[in-house]
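Here the structure is laid out as structure tokens; the discussion comes afterwards.
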Amino acid sequence: MKKGFTLIEIVIFIVVFSFGVMGIMYVFYNTFGKVFDPTIRLKGVQVAQSVMEEIYGKAWDNDTYYSDSGSIPLSIANIGREEGSDNISAFDDVDDFVKCASGYNCPCSTTEYRSEDFGLTPNYRVFIKVSFAGIDSNNNIYEICDNATDFKLITVMVKYGSNYNNESYMIKTLKGNY
5 MKKGFTLIEI
15 VIFIVVFSFG
25 VMGIMYVFYN
35 TFGKVFDPTI
45 RLKGVQVAQS
55 VMEEIYGKAW
65 DNDTYYSDSG
75 SIPLSIANIG
85 REEGSDNISA
95 FDDVDDFVKC
105 ASGYNCPCST
115 TEYRSEDFGL
125 TPNYRVFIKV
135 SFAGIDSNNN
145 IYEICDNATD
155 FKLITVMVKY
165 GSNYNNESYM
175 IKTLKGNY
């Protein structure tokens, strides 16, 4: 009696074994390819929080410091850069982060920055929107684009990389005229 394998048995084994290895490699590829996603997400949220803190630390409006009561009349409140500077360190109120095509008083528009502009982790895109806001009877916050109110809604959205990976991290807050 001869012991061993025939050529056909060896070929069948190689084919079956190859398909098994390909299946396992496919699972590893999909798993290990996404290992850094939690780190990217965490850094994205941290970028959004840092930018929001920087914006929230600014005055409510450019004229806030010149008022006796600490708040300004709504007739002179606006959204947009008063100074015309593109230097983030020169911004003195929350709506200076919105760059308008008209240059002045353009609520409900969004401006894109790079995270490097704020001295933060690179490869993140930061989208900033500042608009007037209202609060309804159910305490829901809504955006107002045509009237000045005593509240400004600040929205910071962060996306990663050049293709944005279809993920965004958004933080919203209100700043009051006080």
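Under the numbering used here, the residues of the sequence shown are numbered 5 to 182, in order. We put the beta carbon where it would ideally sit given N, CA and C, even for glycine.
Where residue i and residue j are concerned, what is the direct C-alpha to C-alpha distance, given to the nearest angstrom?
i                 : j                : result
lysine 163        : methionine 29    : 30 Å
valine 98         : isoleucine 158   : 8 Å
methionine 174    : glycine 48       : 9 Å
phenylalanine 9   : phenylalanine 32 : 32 Å
threonine 115     : phenylalanine 21 : 55 Å
isoleucine 83     : valine 55        : 18 Å
phenylalanine 155 : lysine 179       : 6 Å
phenylalanine 136 : cysteine 149     : 6 Å
isoleucine 44     : asparagine 151   : 38 Å
arginine 2        : serine 141       : The structure shown does not extend to residue 2, since the chain spans only 5 to 182, so no value can be given for it.
According to DSSP, is residue i part of a helix, a strand, or is it coil?
i              : result
leucine 46     : helix
isoleucine 158 : strand
aspartate 90   : coil
asparagine 142 : coil
Compare the C-alpha of residue i against each of the options and name the closest.
i              : options                          : result
threonine 177  : Thr114, Val19 and Glu57          : Glu57
tyrosine 128   : Asp140, Asp90, Phe136 and Tyr117 : Tyr117
valine 51      : Phe95, Gly123, Val102 and Met26  : Gly123
isoleucine 132 : Thr153, Asn142, Met26 and Asp100 : Asp100
cysteine 112   : Ser172, Ser119 and Lys103        : Lys103
isoleucine 59  : Asn142, Arg45, Ile92 and Phe36   : Ile92
Could you tell me which residues DSSP puts in a beta bridge with residue i?
i                 : result
serine 172        : Lys163
phenylalanine 136 : Ile148 and Lys156
asparagine 116    : According to the sequence displayed, residue 116 carries glutamate and not asparagine. DSSP, once it has assigned bridges, lists Phe131 as partnering glutamate 116.
leucine 178       : Leu157
alanine 63        : Asp97
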